[in-house]
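Residue numbers (this note's numbering): -17 to 251.
Encoded structure:
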């Protein structure tokens, strides 16, 4: 059976989690993905993990890196060097998609803007994944999952009532942006197949994550009530919490709509 994205070639300039995860998903759907790294600075994920530095080729053995970059070709290019840029532009001329998640000004400074890339390939789909968008006062902020969570408002809703804001413990912004990347590329490919036109796509990670607290933003705009952390409870459903149970450090989590559902549920003796 033919994979849905078979025949699509993707140039992956991304690093760390959001972009590499999204590009990996494109590969899972059949795309040919070529990961481009700088010989000056490898992808940070190569250095994360428990592999001792005296292990042969330790930089290829990080589980974090391999999980997010499986089934990709690898290419080392110094994009700050004119010859490196020339090679990348040649690669883009025979590719369908290019993805980058640098700070908003990096690609322009390298001479690899959408205008420059589309000049060699008008049908290219160029996806930028800046942390905080390409415009606005915070566009040049460097982004990682932790600060994206903070600025998107997610942390203000995490934690317990009366306590301090709490990081979620999992950088949701990264995999959520990677998942959104797949949808963005699929829609852009469909547009290109219908019109013959390439496309520039901006996928700001902060905006994408803010979408997941949309009901709180709408609620505040309607009634002026500031949402706050409520632990494991739910503002409308009950019983909905975690409860200490018999045994050492044992807990029971219950999530029901109402008392009737609780009484007729599978936990009834």
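Where a beta carbon is used, it is the ideal one built from N, C-alpha and C, also for glycine.
- According to the DSSP assignment, residue 82 belongs to the beta strand (DSSP E) that extends over 79 to 82.
- Classified as exposed, residue 231 has fewer than 16 neighbouring CB atoms from the shown chains inside 10 Å of its CB.
- Every unbroken stretch of the alpha helix (DSSP H) spanning 4 or more residues and falling wholly within the segment 12 to 94 is given here in chain order: 45 to 50, 64 to 75, 88 to 91.
- Taken through DSSP and simplified to helix, strand or coil, residue 222 comes out as strand.
- Per the C-alpha coordinates, the member of 11, 211, 189 positioned closest to residue -15 is 11.
- Annotated three-state conformation of residue 215 is coil, per DSSP.
- When C-alpha distances from residue 77 are compared across 107, 83, 57, 52, the shortest belongs to 107.
- Between the alpha carbons of residue 5 and residue 176 lies a gap of roughly 23 Å.
- Burial check for residue 187: the Cβ neighbour count within 10 Å reaches 16 or more, so the residue is buried.
- The Cβ atoms of residue 147 and residue 153 lie no closer than 7 Å to each other.
- Rounded to whole angstroms, residue 214 and residue 70 show a C-alpha spacing of 49 Å.
- Straight through space, the alpha carbons of residue 200 and residue 241 are spaced by roughly 28 Å.
- Note: residue -9 is bridge-paired with 14 in the DSSP secondary-structure output.
- In chain order, 86, 121, 184, 186, 188, 189 place their CB closer than 8 Å to the CB of residue 115, counting only its own chain and leaving out the 5 sequence neighbours on each side.
- Here residue 107 carries a strand assignment [DSSP, helix/strand/coil].
- Pairing residue -13 with residue 18 gives a Cβ-Cβ distance that is not under 7 Å.
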